[in-house]
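Numbering (the UniProt record's numbering), first residue to last: 1 to 420.
Below, the structure is given as structure tokens:
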């Protein structure tokens, strides 16, 4: 295992420890590659792909609690219109806030492939006059629900747990968006408190941006795998260094040498010719993009962008029952879900959200667009919400599997349940 020595002056989160042995050329980096930590972080980058939002929200999914103990979900963020998903939580074993942003869904590859005309835009940040970034990637983070929702969730978590470290991660396009997220959080909270580890991310900006990024977010690891094609995009043209895309450091290249997996920590340029850039274009591979550190990075269901609540039901219920809309969560910092669909943003504090995967007795059952059958008690309650038992499943909740709505109206406080 190849590791980087961490200077004693740095303050990494628990679990990022100084290496006892190193065979690395670039040993002055401030953020070391620790394989044990990386195997935890990659699980977070994988878990955010889950489409069963109940299991993700309650941290009971196949990629969640069995693999990562001590994690507390703080916020689940779903931007349906832009097919984006993220979560913010606290890893109590690492004593760090975790921000994980989902990568590309199969049916939304166009979210970033369409921008492979590689248009660059000026990045408006202090002291970054020459920095240019990928328009599509930057807009997907900065001009969507992700930016304000993540910033608010991190702020709330720090109010509860103090000045703890922030680890941002993502795979594929999620890694690109995680980069902008980490930069934003570093400028807000200080670069020494923000750690970025991405997996298979594409290039996101020019050389000036890479230089500024390394300054503001020095604690950065970009893991690449074998012949993965995505880190080679948009392409790097070494003959036009000032006009091309350029990775920021530090790359860690996971590849096979004589039948053994090695993790090669690359130089500080971001474009080390002896690392993944050494792979010829004829050998670039899409399949190598789907596994990192032995972890499957594919979604469990590629068919659609899942959502927590259907727009029509959620709008009606929130008008009646939500205490707050898009402005913050409970003072207690309760877990919440933020959803935006077609311009309608819904903010659900924990006290208004109850998730259940299994149909309850007397509930409305919903299967693939079949009109739900509800008990008279439930029908009466639906009527109060402006709905009826003839409302189609897709109008109630646009999900494919059974829905349980009985708990939705089970108390006088009319708690909102999203059965997903």
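Beta carbons are placed, not taken as given, at the ideal position from N, Cα and C, and that holds for glycine.
- prompt: Pick from 57, 163, 103, 127: whose alpha carbon is nearest that of residue 200?
  reply: Minimum Cα distance to residue 200 is reached at 103.
task: Report yes or no: do the region 244-254 and the region 149-165 share at least 3 C-beta pairs separated by less than 8 Å?
output: Not touching, per the Cβ criterion.
message: Comparing C-alpha positions only, which one of 75, 47, 192 sits nearest to residue 154?
response: Closest by alpha carbon: 75.
- request: Could you check if residue 41 is buried or exposed, using at least 16 other CB atoms within 10 Å of its CB as the buried criterion?
  value: Burial check for residue 41: the Cβ neighbour count within 10 Å reaches 16 or more, so the residue is buried.
query: Taking the alpha helix (DSSP H) that residue 180 falls in, what are its first and last residues?
result: Here the alpha helix (DSSP H) through residue 180 covers 173-189.
task: Just the C-alpha distance for residue 46 and residue 210, rounded to the nearest angstrom, thanks.
output: Those two C-alpha atoms are separated by around 26 Å.
query: Relative to the alpha-carbon of residue 238, which residue among 53, 271, 253, 282 has its alpha-carbon at the smallest distance?
result: Nearest of 53, 271, 253, 282 to residue 238, Cα basis: 271.
message: Per the DSSP calculation, residue 134 is bridged to which residue(s)?
response: According to DSSP, residue 134 bridges with 120.
message: Tell me which residue opens and which closes the alpha helix (DSSP H) that residue 220 is part of.
response: Here residue 220 belongs to no alpha helix (DSSP H); instead the beta strand (DSSP E) covers 220-225.
query: Considering only residues of the same chain and omitting the five flanking positions on each side of residue 208, which have a CB-CB separation below 6 Å?
result: Result list for residue 208: 130, 131, in chain order.
Those residues which DSSP pairs with residue 192 across a bridge: For residue 192, which the question treats as bridged, DSSP gives no partner whatsoever.
message: So, under 8 Å CB-CB, residue 144 and residue 84 are touching, yes? Tell me the CB distance rounded to an integer number of Å.
response: That pair is a contact at about 6 Å.
query: Whose C-beta lies closer than 8 Å to the C-beta of residue 151 among residues of the same chain, with five residues either side of it excluded?
result: Once the five neighbours on either side are set aside, the close Cβ partners of residue 151 are 184, 185, 188.
query: With a CB to CB cut of under 7 Å and the five nearest residues on each side skipped, what residues in its chain are close to residue 122?
result: Spatial neighbours of residue 122 in its own chain (CB-CB distance under 7 Å, excluding positions within 5 residues in sequence) are listed in chain order as 132.
- prompt: How many Å lie between residue 251 and residue 58 at the Cα?
  reply: If you draw a straight line from the Cα of residue 251 to the Cα of residue 58, it comes to about 33 Å.
message: DSSP has residue 285 in a bridge; who is on the other side?
response: Under DSSP, residue 285 shares a beta bridge with 228.
query: How many angstroms separate the CA atom of residue 136 from the CA atom of residue 182?
result: Looking at the backbone, the Cα of residue 136 and that of residue 182 are separated by about 17 Å.
query: According to DSSP, what are the bridge partners of residue 253?
result: Answer is 224, 264, bridged to residue 253.
- request: Could you tell me whether the Cβ atoms of residue 87 and residue 37 are closer together than 8 Å?
  value: Going by C-beta atoms, residue 87 is not nearer than 8 Å to residue 37.
query: residue 62: buried (16+ other C-beta within 10 angstroms of its C-beta) or exposed?
result: Flag for residue 62 reads exposed.
task: Return the CA-CA distance between residue 65 and residue 94, expressed in angstroms with no decimal places.
output: Going from the Cα of residue 65 to the Cα of residue 94 covers about 15 Å.
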